[in-house]
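First up is the structure itself, then whatever we jot down about it.
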Amino acid sequence: MTDKAITSPTSPPPVASAGFGAWLRAPVPTSPFHARIQQFWLQWRRLRANASALFGLCVITILLIAALLAPLLATHNIFEQNLATRLLAPSAEHWLGTDELGRDVYSRLLFGARITLYIALLTTVIVAPIGLIVGTTAGYLGGWVDTVLMRIVDVFLAFPNLILALAFVAALGPGIQNAIIAISLASWPPIARLARAETLTIRKSDYIAAVRLQGASSLRIIFGHIMPMCIPSVVVRVTLNMAAIILTAAGLGFLGLGAQPPSPEWGTMLSSGREFVMTSWWIAAIPGTAILLASLAFNLLGDGLRDVLDPRHG
Amino acid sequence: MIAARPLIEAIGLSISFGPNHARNRVVDDVSFRIGKGEAYGLIGESGCGKSTILRALSGLNSDYQGALTLADRELPKKRGKDFYRRAQMVFQDPYGSLHPRKIVEKVLTEPLVIHGMDRVSERIAETLDAVGLGASFRYRYPHELSGGQRQRVAIARALIIEPEILLLDEPTSALDVSVQAEILNLLKRLRVERNLTYLMVSHDLAVIAHICERAGMMYKGRIIEELTSQQIRSSDAKEDYTKEFLQASVEAVARGPEVVA
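Chains A and B, in that order, give the protein sequences.
In terms of UniProt numbering, the first sequence has 309 at position 309, counting the first letter as 1, and numbering is strictly consecutive.
In terms of UniProt numbering, the second sequence has 138 at position 138, counting the first letter as 1, and numbering is strictly consecutive.
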């Protein structure tokens, strides 16, 4: 036992042959890539210890798989109407029942996941960089740049999310693309605010003073030094936002301003099931549950990511 | 002792903070000269304006009156890249002065890229070596390092673009005593090896006496007296305040050489 303990650190062969696990846990990283992967590994281990975040991650993974493999997993054609089989309760033939036009709810739900994720991800891709750039620029430069940018943000924040999205969709016309633009317009300001607040706490720190004293330009400082510090909180905020985005998209669909009827968007499905709530609960309840689960999963994952990514935890 | 022409000169430097109606003069008509290769210290109690002078000289605070010159040229209020190439600063708190999301290599690469210097990888290895950190520290994050190691990285970051002047803002006060000694000896060795000029701010007489040849005693925003390190060691001062200050820290000075040896 003692013999082994003494010899093992001095003999390199077991370390070299232990493979990926040892590489991950090596005390001295040998390249920038190695250092980053080790950091990632530690964060993953912290996330793994958080049960609710893991649950959120699982649900999102299932959602992603369902969306990707929808054509393979679906049992029926989602546009095929069959009035003979309308309003059927869940059974072996139709796993989650059929809707008022005899379409299979399960298959429509799978294809609906595509639309929901498409809206959530595309909105995020639009919103996160805009919010980040506006917020960090305003926070770092300060002065009139800050005043102007923040007043614009205030104008957007003054309206409730859904009302603003409704107004834009009404102006642009209904449809998924327009819904995405409308939701993006309504949801970048909180991210800008968050990034600005974060920047204000960072800009006075010594490490920013140190890069300034190296002669770095404002552009380099904002993009190279301030943004990496803001990204974790923005990532958390964005995952938490996804739930709101899904709900706004569903709300627009429900009001008939988002995806249009034949498309299996969850909000649209929910709204068409409204008339049959008393007699055929599954038509509304199933897309409703899907919206609930997806929002919940994003929220839980966002919460877990906050614990892992917070820069104050090193 | 004083070189023929000073490398750094402050002439009538005054710095005030606060709004116009309640302006608070923190530094009041301060002048000093630092020759090339010299180490000059500023000592004084907390709040006497010594760090403020350093921040003005480094360019972090451009709101000052009077003139600061570098090699007989007055420095513009907004410093250019050429100034940063010649003068670098080491901060007091090694826990706050390194970007928490960047590995050591990245921290050291940045100044080289900004100043368009070649041999990036070799220079990093050389500088890490010079500050007594081995290659094993190259890919570490700051939170994996101790306070002393971080301060060495901060010194390496300042030195990597080969400046002539190092501005030191209480570089050891956030460290514990044994590590302080290591860092001070490192600074002393680097100064000889690289022919650096130091401007060091500290409230610790032992530190100043160990590193600097001359020091300005500051009190309420003024330099009331200049002393040589010999005068500090022998408590040989003219002003009453300086005598009091030296008396109060006389034990620290007396054991200074042993502590920092």
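The beta carbon of each residue, even a glycine, is placed where N, CA and C say it ideally should be.
Chain A contacts made by the stretch 126-149 of chain B, where a contact means CB separation under 8 Å
Ser136, Tyr139, Arg140, Tyr141 and His143
On the criterion of 16 or more Cβ atoms from any shown chain inside 10 Å, does Ala3(B) qualify as buried, or is it exposed?
For the purposes of this step, residue 3(B) is identified with residue 3 of the second sequence, where counting begins at 1. For Ala3(B), the predicted model reports a pLDDT of 47, less than 50, meaning its position is unreliable; a value from the coordinates is still stated below. Answer is exposed; the Cβ neighbour count stays below 16.
Check this for me: beta carbons of Gly49(B) and Ile15(B), under 9 Å apart or not?
Along the second sequence, one-based indexing puts residue 49(B) at 49. Along the second sequence, one-based indexing puts residue 15(B) at 15. In contact: Gly49(B) and Ile15(B) (Cβ atoms closer than 9 Å).
Given that a residue counts as buried once 16 or more other Cβ atoms are within 10 Å of its Cβ, and exposed if not, what is Trp266(A)?
Translated into the one-based positions of the first sequence, residue 266(A) becomes position 266. Trp266(A) should be labelled buried.
Closest by CA to Val113(B), which one among Gln214(A), Gly112(A) and Glu93(A)?
Position 113 of the second sequence, counted from the start, is the residue given in the question as residue 113(B). Measuring from the Cα of Val113(B), the nearest candidate turns out to be Gln214(A).
For the alpha helix (DSSP H) containing Asp206(A), name the first residue and the last one.
Here the question's residue 206(A) lines up with position 206 in the first sequence. Segment Asp206 to Leu213, the alpha helix (DSSP H) holding Asp206(A).
Let me know if Ala39(B) comes out buried or exposed under the rule of 16 or more other beta-carbons within 10 Å of its beta-carbon.
Position 39 of the second sequence holds residue 39(B). Label assigned to Ala39(B): buried.
Rank Val27(B), Thr69(B) and Phe91(B) by C-alpha distance to the C-alpha of Ala210(A) and give the top, closest one.
Within the first sequence, numbered from 1, the residue matching residue 210(A) stands at position 210. Here the closest residue by C-alpha is Phe91(B).
Can we say the stretch 166-175 of chain A touches the stretch 191-206 of chain A, given the rule of at least three CB pairs closer than 8 Å?
no
With which residues is Ser202(B) paired in a DSSP beta bridge?
For the purposes of this step, residue 202(B) is taken as residue 202 along the second sequence, with counting starting at 1. In DSSP, Ser202(B) forms a bridge with Ile43(B).
Mind checking whether Glu164(B) and Leu196(B) have CB atoms under 9 Å apart?
As a working mapping, residue 164(B) is identified with position 164 in the second sequence. As a working mapping, residue 196(B) is identified with position 196 in the second sequence. In this structure, Leu196(B) lies closer than 9 Å to Glu164(B) by Cβ.
Please list, in chain order, the residues of the stretch 212-225 of chain A that have any C-beta partner in chain B closer than 8 Å.
Arg212, Leu213, Gln214, Gly215, Ala216, Arg220, Gly224 and His225
Neighbour flag for Ala209(A) against chain B, beta carbons, 9 Å:
For the purposes of this step, residue 209(A) is taken as the residue at position 209 of the first sequence. Answer yes: the Cβ-Cβ gap between Ala209(A) and chain B drops below 9 Å somewhere.
Whose Cβ in chain D lies nearer than 8 Å to the Cβ of Thr30(A)?
The structure shown contains no chain D; its protein chains are A and B.
Counted within 10 angstroms of its Cβ, other Cβ atoms place Gly44(B) as buried (16 or more) or exposed:
Stepping through the second sequence from its first residue, residue 44(B) is reached at position 44. Buried is the call here.
So who's on the other strand from Gly97(A), going by DSSP bridges?
As a position in the first sequence, residue 97(A) is number 97, starting the count at 1. Answer is none; Gly97(A) lacks a bridge partner.
Just to confirm, are Ser99(A) and Leu87(A) a CB contact at a threshold of 9 Å?
Locating residue 99(A) in the first sequence gives position 99, counting from the first residue. Locating residue 87(A) in the first sequence gives position 87, counting from the first residue. Just to set this straight, residue 99(A) is Asp in the shown sequence, not Ser. Yes; because the gap between Cβ atoms is below 9 Å, this pair is in contact.
By DSSP, does Tyr84(B) sit in helix, in strand, or in coil?
If you number the second sequence from 1, residue 84(B) lands on position 84. Of the three classes helix, strand and coil, the one that applies to Tyr84(B) here is helix, per DSSP.
Are the CB atoms of Leu122(A) and Val134(A) within a distance shorter than 9 Å?
For the purposes of this step, residue 134(A) is taken as the residue at position 134 of the first sequence. For the purposes of this step, residue 122(A) is taken as the residue at position 122 of the first sequence. Taking 9 Å as the Cβ cut-off, Val134(A) and Leu122(A) do not qualify as a contacting pair.
Given a limit of 8 Å on CB to CB distance, which residues of the stretch 225-251 of chain A reach chain B?
His225, Pro228 and Met229
Following the continuous beta strand (DSSP E) through Arg214(B), name the residue where it begins and the one where it ends.
In the second sequence, counting from the first residue as 1, residue 214(B) sits at position 214. Start and end: Arg214 to Tyr219.
In this structure, how does DSSP classify Ala261(B) when only helix, strand and coil are distinguished?
As a working note, residue 261(B) is residue 261 in the second sequence. Confidence at Ala261(B) is low in this model, with a pLDDT of 43, below 50, so the placement of that residue should be treated as unreliable; the coordinate-derived value is given next. It is coil, neither helix nor strand.
Confirm, please, whether the CB-CB distance from Val153(B) to Leu187(B) is below 9 Å.
For this step, residue 187(B) is matched to residue 187 along the second sequence. For this step, residue 153(B) is matched to residue 153 along the second sequence. Result no, Cβ atoms of Leu187(B) and Val153(B) do not sit closer than 9 Å.
Just list the residues that DSSP pairs Asp104(A) with in beta bridges.
Residue mapping note: residue 104(A) aligns to position 104 of the first sequence, counting from 1. Asp104(A) is bridged to Thr98(A).
Starting from Arg33(B), trace the beta strand (DSSP E) both ways and give me its first and last residue.
In the second sequence, residue 33(B) corresponds to position 33, counting from 1. Per DSSP, Arg33(B) belongs to the beta strand (DSSP E) from Asn24 to Ile34.
Can you pull the chain B residues whose beta carbon is under 8 Å from the beta carbon of Gln39(A), in chain order?
Within the first sequence, numbered from 1, the residue matching residue 39(A) stands at position 39. Those within 8 Å of Gln39(A) in chain B are Tyr141.
Using a Cβ-Cβ distance under 9 Å, would Asp206(A) count as near chain B?
As a working mapping, residue 206(A) is identified with position 206 in the first sequence. Yes, Asp206(A) lies at the interface with chain B (some Cβ there is under 9 Å from its Cβ).
Which residues in the same chain have their Cβ closer than 6 Å to the Cβ of Val238(A), if we skip the five residues on either side of it in sequence?
By 1-based counting over the first sequence, the position of residue 238(A) is 238. Thr124 and Ala128, listed in sequence order.
Could you please give the first and the last residue of the uninterrupted alpha helix (DSSP H) stretch that includes Ser16(B)?
What you label residue 16(B) is simply residue 16 of the second sequence in a count that begins at 1. Not the alpha helix (DSSP H): Ser16(B) falls in the beta strand (DSSP E), residues Ile8 to Phe17.
Mind checking who Arg222(B) pairs with in its DSSP beta bridge?
For the purposes of this step, residue 222(B) is taken as residue 222 along the second sequence, with counting starting at 1. In DSSP, Arg222(B) forms a bridge with Tyr219(B).
Distance, Leu305(A) Cα to Tyr219(B) Cα
Taking the second sequence and counting its residues from 1, one reaches residue 219(B) at position 219. Taking the first sequence and counting its residues from 1, one reaches residue 305(A) at position 305. In a straight line, the C-alpha of Tyr219(B) is about 50 Å away from that of Leu305(A).
The stretch 213-230 of chain A touching the stretch 132-146 of chain A, judged by at least three CB pairs closer than 8 Å:
yes
Mark residue 338(A) as exposed unless 16 or more other C-beta atoms lie within 10 angstroms of its C-beta, in which case mark it buried.
The question about residue 338(A) has no answer here: the residues shown for chain A are numbered 1 through 314.
Compare the Cα-Cα distances from Val308(A) to each of Ile231(A), Ile163(A), Thr289(A) and Met269(A) and report the closest residue.
The residue given as residue 308(A) occupies position 308 in the first sequence. Nearest C-alpha to Val308(A): Ile231(A).
Assumed close pair Lys221(B), Val26(B) - CB separation to whole angstroms, cut-off 8 Å
For this step, residue 221(B) is matched to residue 221 along the second sequence. For this step, residue 26(B) is matched to residue 26 along the second sequence. In the sequence on display, residue 221(B) carries Gly and not Lys. Correct: roughly 6 Å between the Cβ atoms.
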